[in-house]
Structures are given as structure tokens and as C-alpha cells.
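J.: Have a look at this one before I ask anything.
Protein chains: 6
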Amino acid sequence: MDERIKPYLIASEPYYRPAGREVELFEAAYARRMPIILKGPTGCGKTRFIEYMAWRLRKPLIAIACNEDLSASDLVGRFLLDANGTVWHDGPLTTAVRCGAICYLDEVVEARADTTVVIHPLADHRRALPLDRRGELVLAHADFQLVMSYNPGYQSSAKDLKMSTRQRFGALDFHYPHKEIETEIVMREGAVDSDTATRLVGIARQSRELRGRALDEGISTRMLIHAAGLISHGIDPHAACRIAMTRPISDEEDVLHALDGFVEAHFGT
Amino acid sequence: MDERIKPYLIASEPYYRPAGREVELFEAAYARRMPIILKGPTGCGKTRFIEYMAWRLRKPLIAIACNEDLSASDLVGRFLLDANGTVWHDGPLTTAVRCGAICYLDEVVEARADTTVVIHPLADHRRALPLDRRGELVLAHADFQLVMSYNPGYQSSAKDLKMSTRQRFGALDFHYPHKEIETEIVMREGAVDSDTATRLVGIARQSRELRGRALDEGISTRMLIHAAGLISHGIDPHAACRIAMTRPISDEEDVLHALDGFVEAHFGT
Amino acid sequence: MDERIKPYLIASEPYYRPAGREVELFEAAYARRMPIILKGPTGCGKTRFIEYMAWRLRKPLIAIACNEDLSASDLVGRFLLDANGTVWHDGPLTTAVRCGAICYLDEVVEARADTTVVIHPLADHRRALPLDRRGELVLAHADFQLVMSYNPGYQSSAKDLKMSTRQRFGALDFHYPHKEIETEIVMREGAVDSDTATRLVGIARQSRELRGRALDEGISTRMLIHAAGLISHGIDPHAACRIAMTRPISDEEDVLHALDGFVEAHFGT
Amino acid sequence: MDERIKPYLIASEPYYRPAGREVELFEAAYARRMPIILKGPTGCGKTRFIEYMAWRLRKPLIAIACNEDLSASDLVGRFLLDANGTVWHDGPLTTAVRCGAICYLDEVVEARADTTVVIHPLADHRRALPLDRRGELVLAHADFQLVMSYNPGYQSSAKDLKMSTRQRFGALDFHYPHKEIETEIVMREGAVDSDTATRLVGIARQSRELRGRALDEGISTRMLIHAAGLISHGIDPHAACRIAMTRPISDEEDVLHALDGFVEAHFGT
Amino acid sequence: MDERIKPYLIASEPYYRPAGREVELFEAAYARRMPIILKGPTGCGKTRFIEYMAWRLRKPLIAIACNEDLSASDLVGRFLLDANGTVWHDGPLTTAVRCGAICYLDEVVEARADTTVVIHPLADHRRALPLDRRGELVLAHADFQLVMSYNPGYQSSAKDLKMSTRQRFGALDFHYPHKEIETEIVMREGAVDSDTATRLVGIARQSRELRGRALDEGISTRMLIHAAGLISHGIDPHAACRIAMTRPISDEEDVLHALDGFVEAHFGT
Amino acid sequence: MDERIKPYLIASEPYYRPAGREVELFEAAYARRMPIILKGPTGCGKTRFIEYMAWRLRKPLIAIACNEDLSASDLVGRFLLDANGTVWHDGPLTTAVRCGAICYLDEVVEARADTTVVIHPLADHRRALPLDRRGELVLAHADFQLVMSYNPGYQSSAKDLKMSTRQRFGALDFHYPHKEIETEIVMREGAVDSDTATRLVGIARQSRELRGRALDEGISTRMLIHAAGLISHGIDPHAACRIAMTRPISDEEDVLHALDGFVEAHFGT
């Protein structure tokens, strides 16, 4: 394996609790090097899943957080001035393409048009990345795969993936885990007992029913783990839920009042 | 042939299944070096066609994915700093013009105004590319031809080709292939039997009737090949259609429900 | 003549078929070095006319395709880094001003404000180009003339020439040529017989009546020459009209149907 | 401790008067290196609190004032030209991540999207900062913690934290201090007697009831300290309140008249 | 006089025909170095007037055509890279300030905010130009004067001079010259007889009555001189008026018809 | 005193005529190094006041004219390329902070967000300026004070100071001087007799009653001095008022007519 991507190998097995057939399906997609979109709400485990799959497939993982100020050059590379003049430096996407890593574009709808279009020739039968500024056509390493994440809850006409992008990818749906699985995750990651974990999950599930109405998103698994961690550190459950679960997700009095009600329903007043 | 464009020669015959007289007509256009627009929906084979024609005509193909952040300098070239000062580097369009390649501007409506205007003198009787920043007028090599692709389904008043651009080009229409041809393509490219390919094509054809209403575009041939590939890898048809055909093209419950119905109609519930 | 502009001399007489007194009037304007706007629809021969006049007057012609990303620096020049530091490089407008060429700004309404304003002191009694970044005032060579083209059909409040620009220029109107002249041009440039040329011109003239309603512009002379060229290459007239005349100018079913009707009216069904 | 962050250690104990359990809760959050948002109105003591906690935890504090022109490069670092070519310079966030400081992003809603997204991998289980332009993945020092401040009173749909950001953080609410505590702070920081401090606090509390109606914010503790300071310098209370409390927060005659009324109610006419 | 501004001295007396007391008033303003705005429609002689005054006062004239892409650096100066590193180059405004020229900002409403604000300290009692990027405060040479031109006919809320700019300047009104004076100017500058000049002026005066309704501006003196020049070159008056007066100022059929009527009224049909 | 700021010392006493207790109050604010906003209409003497106070306090004054194109780097400093690579150059704000000058940000509402936010840590108890790009935290010199000017008459929702900025500052109100004081100023600065000055002030006071209705601002003291100067130069009062007072502040016929009426009321018709 190329020295440049060795640091991106995931050394030890990440904790990931499968919720369905996603591991099997991803392996089949990888076998064909089919580009994949992971669809699902924030904090439900998409990033953890791709880390787990990279570890399982023994492939390095180069993750890039997309945003509207990320340019195509940030992905692909640029010329930098050296003591002997300008020298080309591969960007993280080019490194992944050349050396055979899984490239993970996190929250791809946030990216600018040029970022999205630059991956088109990588995501069809060509599997090639043209470095126009360098006059080079990089053919993808046999191990290279392109993966993107996408939160359909944020979907709007202004910030949606173009159909010409979507049609180049397969898609796997992600959701918050089932009650029992989520409780298990909170116990393990937050180091609390089953009873506390059950109550925390109960609060989160109530909050998720407000989604799309009072809240853009409900309380995520990640937030439950934060709250559990504070409880295991000795903070009382009401204060822990307040700091880690309710205050972060809303600033509106009414919504906070409703969320505090959920906490009291599970932990007493 | 110039060394700089040899890497752009297409080594082996690309698989392309003609749907009409497009090969003959393109050859006549090339004989006159008439600039051509390929019009048609995403994933219907425009890119594959131009690769096939480049191979057939034994001409190198320089493809450029257009986007709103691609500047005229990205196409034409720029000065870069070297150990001895600034040195001019030809962009991919200039390389094609000087050395006699077919230059393919993919999804040209996405390009900025300067990208589109810069090709005007190349697309009329002048066949010349002025490098204003360098003070050079490059006359096109006898083999040079300009080709662009364009998806009229995306056509809007804001992002349309200007008439002064359109009038410099001939245009070839592309559509999804006829039922029998598309089945043949899916069998060959996806390595499935005739029965499976027929069912997949049936689903796609149903989805295409939703185009312009529930969907911006129907399921493309490319997606059918993805699904067929997963089936030939051992994934059951329902899961394969879900990951490769239905989940990528919509996030809306109603539409996904309708698409799942098409899958069940062809592969059983 | 200065070495820098010799490459811009037009070596052989361009084919231009006058439609009225435009040659005489342009010569009178040039005699006074009066700046001139060529007004008219796309593809009607404005560029060919200025090439012809430049040839006739034995003056070099520097043509610049305007667009909204063309900056004043692109016209005027800039400092570039050399082995010994920054060195000034004249832009194409400055070259024309210093050395005495005709400078032709094609589609000037597309230009940004700074591009348009930079020519003001060149277009009045001063005939001077201030290079502010260099601290130099370049007085125009006695042979220098400024010419711009402009398509009033695109005229909109947002993209219109400012009155302070217009008042510095004289204006010559251009239209598509008269029936007989256009037929003669198509015969000569497209290498077809009189009968075919007459039919092609008939189709174009019908399409031009749709201008401003179904079409932004009708079929131009340039498109007729393309179609004629394909016919003389052996393509049947229906296919040639389709690829070179009707498909490029519209994507709408209704309009294409009407245009196909014009073709059938002239070449049979 | 790394030499680079020693200057960011807070040498002497900052004056901070706790209003509730915020010290205990922050210490528990820090123990888990949980990222924290400090929510509250301007001038209520958020910055002083984080300075106090950094002093108490004996950790350096790197504070960054966010604004819409602060780019990701300003946080993360950039290549700068040296005598020997370009050399990478860590930005303040990277310094904090590498060396183990508390990084405080003040008024984070003002930041651009790229600034906010760049902290995502630092704010979840990865605790990593990818320097894409350098091809380096910086794993956070064990002492590193991320803290942001946020004024929910400014909350608007256009400038709100994205849910994917919020869900990575815990949140602590801040308010103006209780009457007695605020009086104590004004006495100490402004060097006035108890009677004067009580009157100043009384004026501020009345102004805060106008918040959201006539005023965006009421008079802050910081402003009371300014007024007290002028009084202790010998300026009469009416002039001191005018210059330090009422004239800065509004330009509208009606509002100023009401505020002057509060001053007269406490200090006489 | 400083060598740098000698090229900006006006060698021979420009032809200027005073319309009122503007010469006397400008001289009084110059005696106090009071900054002056020249207000009036395009092509009425503002630029010629300032050239005449500069010649009369024996002061160099540095004219800058303002536009929305002109930055403060373009006016003030910038660092440029030399063989020995970056070297400061004065911009045209700084040259005028240091060496004592009249600086003429043409069409100042077109300028960006930074261009306008940068002149504020030059236009009040300070008469100083701070070069912030260089850390230098340039005190104006005793001969320096600031003059701007402005067309109130273009006045709109979006592009108006700020009151803080206006209050630093005196203002002189300009209009098209009186009938007799304008005829005299056309005779002299266009080399035509009195009768022809009278007819041309008659057409222009009729067109100016359409101003604000069918036309943004009427036909200017400059255009009359163009038409007269063509007539004296042998072009018939109808063609000369068409090319130099009517076609440049409008593209609308109705307006052109009306303007042609004025021509026919004066020169016959 | 540091060599770098000596040029900013004000050598001789500026003429300033106090209108109230502003000198005493400013001295008290300076004693506490309290940041101050000077609020008032354009041309009423704010800049002259801060010059006077800087002279009185024997402190250098660094004035910066704010505008929407002034970046934080323009204030704070930047790296410039030298013969030995990039070298940091302090901006004017950093120079004031390091060396102990009064820094005066003129028309601060015009500044961009980053300019305003960059001063926050300088304007609270921290008195520090973080140079993020340089990795340096500059603690303010003991003599440093921050002063801004602001015209509440321009106040709009789009361009208003943020509350978090306002709350860091004290504020002093400025108005046009009282009738007698203004007359005294015009006599002294414009070199006219008491009668003429009284008439000029009378015109100005009438114009100020139109403020907010027909005029954005009335005629300022500065304009009266200009008119008086022309009169003392020998220009008749009507022409002097026209050029220096009425024509600069409006382009509208009705308003100009009204203003001319005020002139006639004081100087006769």
C-alpha cells in the first residue's frame, strides 16, 4: 500500500451495531466499486458505519467535510510555490483516487457545484479524475471507491443533489437505531446501566416525534451518549439531560418546556 | 500525432449500441469539422457515444466537465510561476485546439458566461482561439472538433444556452434506447439473463413516465446496469432495485412508494 | 507596421457580399476614426464585415469576445512575474491602441462595467488609454479605430449599453441579407445548387417570422451554410436541416414541430 | 506544555462570580472533553466565564472572534511564502488542537459555513482535524476542548447554527446575574458604593424589560461597570449614565426618553 | 514641477466655449482648493471644461474614469513584486496628491464605496491621503485639487452620492449649450457651414425634449459633431444623421421613427 | 514615544469651539481608556473634535475612513513579500494598539462585519488584539484608546451597529453648533464679517428643518465655511451660496427652488 494513505487505515475495529443488511449490501456495492450515498439524519451513525466498513474491508478512509466554501481545488489539488517554482500538490480526493482509498464526502449537499461535478467522471464507467490545471488524467486505483453522505431532512429546492449526480450513485437508507439497539449503544458508549439508558432513549424517541414540526431534528444517539457520560461522571440526570440533550437543540421557550416535560416524565420532577 | 494528446487516444473499442443514424451523421459533421451539441437526458449514453466516435475516428478525446466555477482560464490556460518566472501552461481546450483533439464540454449549460463565449471564435469560420492574456491567436489544428453535451430537461430561463452559442452548432438528439436495445445493453453490461434485464427495463420505463411530474428524470440505463450488477453478485432483486434504482432518485415517501410498486409489479412482492 | 500586430493582418480577401452602403459609410467613419457599433442579430455577418473592412483598409484586426468575466485588466494588460520581478504585459486593447489596429469588441453588452468604461477616453476627442496601474497615458496610434458589435434583440434593462457609452459611437444597422443575396451566399459557402439554396433560405425566412414569439432568433445564414455543407457531403436534406437548422435553435416540442413543417413544405415529407 | 501555547495561559485568577452550577457542570463536560456552547445575551459574562474556567483548569485559552469574513484557512492555517518557498503556518485552531488548549469560538453564528463545518470532525468521536490542503490529519491533544458562544437573542432563520453542528455540542445557559450578585460585581469592578451600584442595577433591570420590544438588548453588566467607573472618576451620575448606558444602546428619541426616565427615577431629576 | 506629472500638462489650449460664469467661479474655487463636482448630462462638455481649466491654470490633469470594478488600490497604489521583493507603486490619485495635479474622477457615482470614502480626508480641512497599507499619511501638495463629474440624470437611490461625500464639495451645473453657441461649436468642430450646423442643432434640440420619456438622454453636442464631420467628408445628411445621431441612441422602432421624422423635418424627406 | 507613531502627533492646536461638556466627559472616558462612539450628523465637527482631544491629551491620532471594502487585514496587517520571503506589516490599528495612539474609525457603520468584530477584544476588559494569521496576541499599550464615529441619521436595519459592538462603547452626542457659536466659526474659518456669517447660518438653519423630509441632511457648517470663503474671495453671495451650499446637496428641482428661496430671503433677490 502506498505510504501516503497508510495513515488513513483504521487501526482498531470501530464499535458499530448493524441495524439491518447494510453491511452485506455495502460489501456487494464495494465489490463492483459502485459509488454509494449514505442517506439519513444527523447523528444516526453514518460516519461510524463508513469507518467500520473501511476497517472491515482493510481500506484507508479519507473523509472530507463538504461546505459551500470548499472549492474543486481543495479536493483535487493545486500548484504551490516552492524554492524551485510551483509544484503540484495532490488534494485529498486525488490521493484517494491514485492510491486506492475510500473517499467519503460528508454532507455533500453543502458542496458547491464544482465540487459535485468534479466527481462525475469518477462516478461512472470512466473512473477517471481529470486534473485540468495539470493536464493529467488520473485513472482510479482498483481499490478506490466514492462514498457520500446526505441528510434528506435538509432537502430543499435550492440545495439538492442534481439528478446527473444522483444517477451515478447507489443509495443506502439510515435511521436512528431500534429502541433495543439504541439502548445497548447508550449503555456501552455512555457507561450507564440499562435503566438509565432506557429512560434516555425514551426521551429521545419522544423528541423525534416533534421532528418537522417544532424541531428540525430530534435528539440524536450521539446526544444520548453525551448525557449518559455526564451521568456516569456523577451529574444528576436532570442537569445532564439539560446540558447534553435539550439546551443544544432549541432556543425556543415552548419547545424547551416540552422537552423538559419529556425529561421529567422519565426521570421524575 | 503530438505527444501531449497521445494519452487521450482511446485504446480499445468502447461498447456502444447505435440507436439510429447518429454515427453516420456525426461522421458527416466531423468531415466538415462542424461543432456539435449532443442533446439528451442524463445517463442515456452521450458520453459513451462521443468516446465511441473518438475511437472510430482515431482522434484523441479531451473531456471537460463544465460547472459554474470553471473559469475561462481553466479551459484556456494560465501563467504559472516557475524557477525562472511565470511560464504559460496551455489549458485542456488549448491543447485540443493546438494538437487536433476532439474537445468535449460535458453539461455545457452549467458553465459560466466566459467559458461559453471563449469558444465562439472556435465555433465559426474563424476556428481560432485568442489567448488574450498571452497575446497569441491559436489557429485550430485541422483535426480539432468541438462537441458539447446538453440536457434540455434542465432547461430554464436562467441557465440556457445563448442563441449566439446555439447558432454556431449542429445538434444530435439522444434518448434512452428502445426497449429491446436497452435490454440487450443491461444483459451485456450487467451480466444478467434476458428475463431479469427485461424486468429491470420495464421498471425503468414505468419510472420515465413520471418524468416532469413526480421526478425530474426517470431511472437511467446506467442505474439499470448497477442494479443488474448487484443481482449478478448475488443480491436479491428487491434489495438491488432499492439501492441502485429507487433510493438514489427520490427522497419523497410518495414517490418512493410508487417506485417500489413498479419493482413489485415486475419482481413480485 | 509594428511587429506585434502583423499577425493580425488579414492575408486574403474574406468573402463578403454587401447588402447596402455599409462599406462606403464605414470608410467615411474610419476616415474620421469615429468609433462604430455594428448592430444586428447573431449570425448575420457582422464579424465577417469587420474582417472584410480590415482587409480592405489594410489594417490589422484584434477581435475580443466580451463576456461578464472579462476584466479591464484582460483588455488593458497586467503585471506578470518574471525572473527579474514584475513586468508589464500589454493587453489586446493596449496593443491595438499603441500599434494602430482596429479593435473589435464582439458582443459588448455582455461586458462588465469596467470594460465598457475603460474605452470612454478612447472613444471621444481624447483618443487616449490611461493605464492607471502603470501610471502611463497611451495616446492612440493614428490608425487605431474602435468597433463594437451589439445585438439589440437581446436588449434588456439589466444589460444595456449606458447612454454615456452609446453617445461616443456611430452605429451601422445589420440584418439578414435579402433573399437573392442570401441564396447566393449559401450556394457559394455551402457548395449546393441554386434550387437547394433557395429552399434552405425559404425555411430560414419562415423561421425568422417566429422571432420574438416562439423563437429568440430565427435560423441564421451561418446555419444555412452548415446544412448546405452536410447536403453537399451526401446527407439527405431532411436530416441535414434537422441537425444543422432546427434542433440547435429550440428544445420545445411545439416549436420543433413547426420548424419541421417548414422543412417539409420546402423539401417534401 | 508546548512553548507555542504558553502565552495563552491565564496568569492570575479572573474575577468571576458564579450564578449557579455552571462551574461544576463545565468541569464534568471538560472531563469528557465534551464540546460546549455557552448560550446567552451579550455582555453577561460568557467570555469572563471561559477565562475563569481556563485559569481554574490550568489550560491555555485561544479565543477567536468569529465573523462572516473569517475563512476556514484563518482557523486552520495556510501556506506562506518564505525565502525557501511556501511553508505551512498553523492557524489558531490547529495550534489549540495540536498543543492541547481550550479553543473558544466567540459568536459562532457569525461564522461562514466552512468555519462551522471544519470543526465537525473535532466535535465528535473522531477528535481529528483534517488539514486538506496539507494532506495531514491532526489528532487532538488529550487536553484540547472546543467551546463556542452564541447569543440566541440574535437567532434568525438566516443565521442559525445547523442542527448537525448543534448535536455535537452540550449547551450551558447564561443570563444577566441576579440583582444582588450584579450589584456586588458593579461595586467591585466599578469602584462605587453599594447605594450607587444598586441604583445602576435598577436602571439596567428596567431597560431589560424593553428587550425584544423597543430594544434588541437591555443595558448589560459591562455598561454598568463603565458608568460606575465614570462616577468614581468624578462625573455626575446623570452624565455618566448618559454616556455609558443610554446613548450607546439606542438612537431613537422615544427609547432614549424612556431610558432617561429610568435614570431620573433612580438618581432624581 | 515633478517629472512624474509633466506628461499630464495640457500642451495647447483646448477649444472651450464658455456658457456662463463657470470659468470665473472655478478659478475662485481653485484659489481656495475647494473640491468641485461638475454636474450635467453626458456629452455636454464637462471633460472639455476641466481640460480647459487645467490648461488655463497651468496645472497637470490626471483623469480617472470611475467604474464599479475600480478599487481603492487602483486609485491609491499597491505593492508590486520586484527583483528585490515588493515595492510600493503610487496610484494615479496618490501621484496627483503628492505632486500637485488636478485629479478628475469622471462619473463618480459609478465608483464603489471604498473609492468614494478614500477621498474624504482629501476633501476636507485635512487635505491628507492615508496610505493604510503602507503606513504613510500623504499631505496634499499646495496645487492639488479634487474634481469629480456626475450626471444627475442617472440619479437613483441605489447609485447616488452619499451626503457625507456631497457636503465636502462645491458644485457647478452644466447643460447643453445655448442654440447659438452650440451651432458655433458644431461649425467649428465638425467643419460644416452655418446652415447645416443650424439644422443639426435643431434635430438635437427636438430629441432632448424626449428626454426622461422615450429617451434616457437626447442627442449630445458630441454626436452633432460626428454627424457634421461625416457630412463634411461627403456623406449625405440623412445617412450621416442616421449613423451618427439616431441609430446610436435607441433600438426601439417607435423612437427611431420619431427621430427620423426630426431629421426629415430639417433636411427634407 | 515610538518612532512609528510620532508622525501622527498633532503639532498645533486645532481650532475647536466646544458646545457643551464634551471635553470634560471625553477626558474622563480617556482616563479609564473607555472606548467611545461620537454620534452626530456629517460635517458637524466630530473629526475636528477628536483631533482637538488628541492634541490636548498629547496622544498621536490614527484615523481610518471605514468603507465596505476595507478588510480586517487592512486594519490589522498582512504578510508582504520581501527579498527574503514574506514579512509581516502591521496595519494602522495594530500600530495604534502597540504604540499607544488614539485610533479613530470614521463612519464605522460602513465597515464590513470582520472589521467591526476584530475590535471586540480591544473594546472590553481584555484590551487585546489577536493577530490570528501571525499567531500573536498584542496587548494594548497603556495609552491606546479606541474611538469611532457614527451618523445615526443614516441608521437603517441593514447597516446598523450590532448590539454586541455598541455595548462595548460609551457614546457622546454631537449636533450642529448653536446659532451664535456657528456664526463665530463661520466668521473665523471663512474670513467674513458678522453680518454675512449671520445670513449664511440663517440659510443653513432653515435647510436643516427640511432634514428627513426633502433632504437627507441640511447644509453643514463645513459648507457655510466654503461659501464664506468664496464671498471673501470676491464672489457675490448668490453665486457663492449656489456653488457651495445649494447645488451640492440636492439634484431635485423642487428642493433647489426652496433652497434658493432661503438664499433670497437672507441676501435679497
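Chains A, B, C, D, E and F, in that order, give the protein sequences.
By the count of UniProt numbering, the first sequence reaches residue 269 at its end, each step adding exactly one.
By the count of UniProt numbering, the second sequence reaches residue 269 at its end, each step adding exactly one.
By the count of UniProt numbering, the third sequence reaches residue 269 at its end, each step adding exactly one.
By the count of UniProt numbering, the fourth sequence reaches residue 269 at its end, each step adding exactly one.
By the count of UniProt numbering, the fifth sequence reaches residue 269 at its end, each step adding exactly one.
By the count of UniProt numbering, the sixth sequence reaches residue 269 at its end, each step adding exactly one.
All residues carry an ideal CB built from backbone N, CA and C; glycine is no exception.
A quick note: this is a predicted structure, and the numbers were derived from the prediction, not measured.
1) Please classify D:Y15: is it buried, with 16 or more other beta-carbons within 10 angstroms of its beta-carbon, or exposed?
2) In terms of DSSP beta bridges, what is residue 275 of chain D paired with?
3) Just checking my contact of F:I219 with F:M187 at CB under 8 Å: how many whole Å lie between their CB atoms?
4) So, does the CB of C:A28 fall closer than 8 Å to a CB anywhere in chain E?
5) By a C-beta neighbour count over all protein chains shown, 10 Å radius and 16 as the cutoff for buried, is A:E107 buried or exposed?
6) Is it buried or exposed for E:H226, if we count other Cβ within 10 angstroms and need 16 for buried?
7) Would a check of beta-carbon distances place D:T269 closer than 8 Å to chain F?
8) Among residues of its own chain, excluding the 5 on either side of C:M148, which ones have a beta-carbon nearer than 6 Å to its beta-carbon?
9) With contact counted as at least three CB pairs below 8 Å, one residue from each stretch, are the stretch 129–136 of chain E and the stretch 171–180 of chain E in contact?
10) Secondary structure at residue 270 of chain F, three-state DSSP: helix, strand or coil?
11) Which residue comes first and which comes last in the beta strand (DSSP E) that contains E:Y104?
12) By the criterion of Cβ-Cβ separation under 7 Å, what are the contact partners of E:H120 in chain H?
13) By DSSP's criteria, B:Y150 is part of a beta bridge. Which residues make up the other side?
14) Give the straight-line distance between the Cα atoms of D:S157 and D:H125, rounded to the nearest whole angstrom.
15) What residues from the stretch 126–151 of chain F come within 8 Å of chain D, judged by C-beta to C-beta, listed N to C?
16) Look up A:D173 in the DSSP assignment and say whether it is helix, strand or coil.
17) What's the call for C:G261, buried or exposed, on a 16-neighbour Cβ count within 10 Å?
18) Determine the closest residue to F:M1 out of F:D143, F:G43, F:R48, F:C103, with distance taken between C-alpha atoms.
19) DSSP state of D:V186, grouped into three classes?
20) Distance, Cα to Cα, D:C99 vs A:L224?
21) Taking Cβ positions, are B:L70 and B:R112 nearer each other than 8 Å?
22) Quick check on residue 273 of chain F: buried or exposed, where buried means 16 or more other Cβ atoms within 10 Å of its Cβ?
23) Does DSSP put C:L25 in a helix, in a strand, or in coil?
24) Compute the distance between the beta-carbons of F:P7 and E:L139, then report whether it is under 8 Å.
25) For the ligand MG, is there a heavy atom less than 7 Å away from the beta-carbon of C:M163?
26) Strictly under 8 Å for the Cβ-Cβ distance: is E:M53 near chain C by that measure?
27) Can you check whether the C-beta of F:K39 is within less than 8 Å of a C-beta belonging to chain D?
28) Kindly give me the distance between the Cβ atoms of D:A63 and A:H233, rounded to whole angstroms, as I take these residues to be in contact under 8 Å.
29) Under the three-state reduction of DSSP, which class applies to F:R32: helix, strand or coil?
30) Is the beta carbon of D:V192 closer than 8 Å to that of D:A228?
31) Using only CA atoms, which one of F:R21, F:D160, F:E180 lies nearest to F:E68?
32) Would you please verify whether the beta carbon of D:A96 is less than 8 Å from any beta carbon of chain A?
33) Give the range of the alpha helix (DSSP H) segment to which E:L129 is assigned.
34) Are the Cβ atoms of D:T94 and F:S164 separated by less than 8 Å?
35) Specify, as a first and last residue, the run of the beta strand (DSSP E) that F:I64 falls within.
T.: Taking the structure as given:
1) Residue burial is scored here from C-beta neighbours: D:Y15 has fewer than 16 other C-beta atoms within 10 angstroms and is therefore classed as exposed.
2) Residue 275 of chain D is absent from the model: chain D starts at 1 and stops at 269.
3) The C-beta distance from F:I219 to F:M187 rounds to 17 Å, too long to meet the 8 Å contact threshold.
4) It does: the Cβ of C:A28 has a partner Cβ on chain E nearer than 8 Å.
5) Buried is the call here.
6) Here E:H226 is buried: its Cβ has 16 or more other Cβ atoms, across all protein chains shown, within 10 Å.
7) Under the Cβ distance rule, D:T269 does not count among the residues neighbouring chain F, no pair being separated by less than 8 Å.
8) Cβ contact annotation for C:M148 (same chain, cutoff 6 Å, sequence separation greater than five): I37, L105, V108, in chain order.
9) Below 8 Å, too few C-beta pairs join the stretch 129–136 of chain E and the stretch 171–180 of chain E to call them touching: fewer than three.
10) Lying outside 1 to 269, the shown extent of chain F, residue 270 of chain F is not represented and no answer is given.
11) That run of the beta strand (DSSP E) goes 102–106.
12) The displayed structure is made up of protein chains A, B, C, D, E and F, and chain H is not among them.
13) Note: B:Y150 is bridge-paired with B:K39 in the DSSP secondary-structure output.
14) The pLDDT assigned to D:S157 is 43, lower than 50, so where the model puts this residue is not dependable; a value taken from the coordinates is nonetheless given after this. Using only the alpha carbons, I get a separation of about 29 Å.
15) The stretch 126–151 of chain F vs chain D, Cβ under 8 Å: R126, P130, D132, R133, G135, L137.
16) It is a strand residue.
17) By the C-beta density criterion, C:G261 is exposed, having fewer than 16 other C-beta atoms within 10 angstroms.
18) Among F:D143, F:G43, F:R48, F:C103, the Cα nearest to that of F:M1 belongs to F:D143.
19) Under the three-state reduction of DSSP, D:V186 is assigned to helix.
20) Whole-angstrom Cα-Cα distance: 29 Å.
21) The answer is yes: Cβ separation under 8 Å.
22) Because chain F here runs from 1 to 269, residue 273 of chain F falls outside it and cannot be looked at.
23) Looking at C:L25 - three-state DSSP - the assignment turns out to be helix.
24) No.
25) Here there are no bound small molecules, and the ligand MG is not part of this structure.
26) By this cut-off, E:M53 is not an interface position.
27) So, interface residue.
28) Actually they do not touch by this definition, with Cβ atoms about 26 Å apart.
29) In this structure, F:R32 counts as coil in the three-state DSSP scheme.
30) Yes, these two residues count as a Cβ contact at 8 Å.
31) Check the Cα spacing between F:E68 and each of F:R21, F:D160, F:E180: the tightest is with F:D160.
32) So, not an interface residue.
33) E:L129 -> not in any alpha helix (DSSP H); beta strand (DSSP E) instead, spanning 128–131.
34) No, Cβ-Cβ distance for D:T94 and F:S164 is not below 8 Å.
35) Unbroken beta strand (DSSP E) run through F:I64: 61–65.
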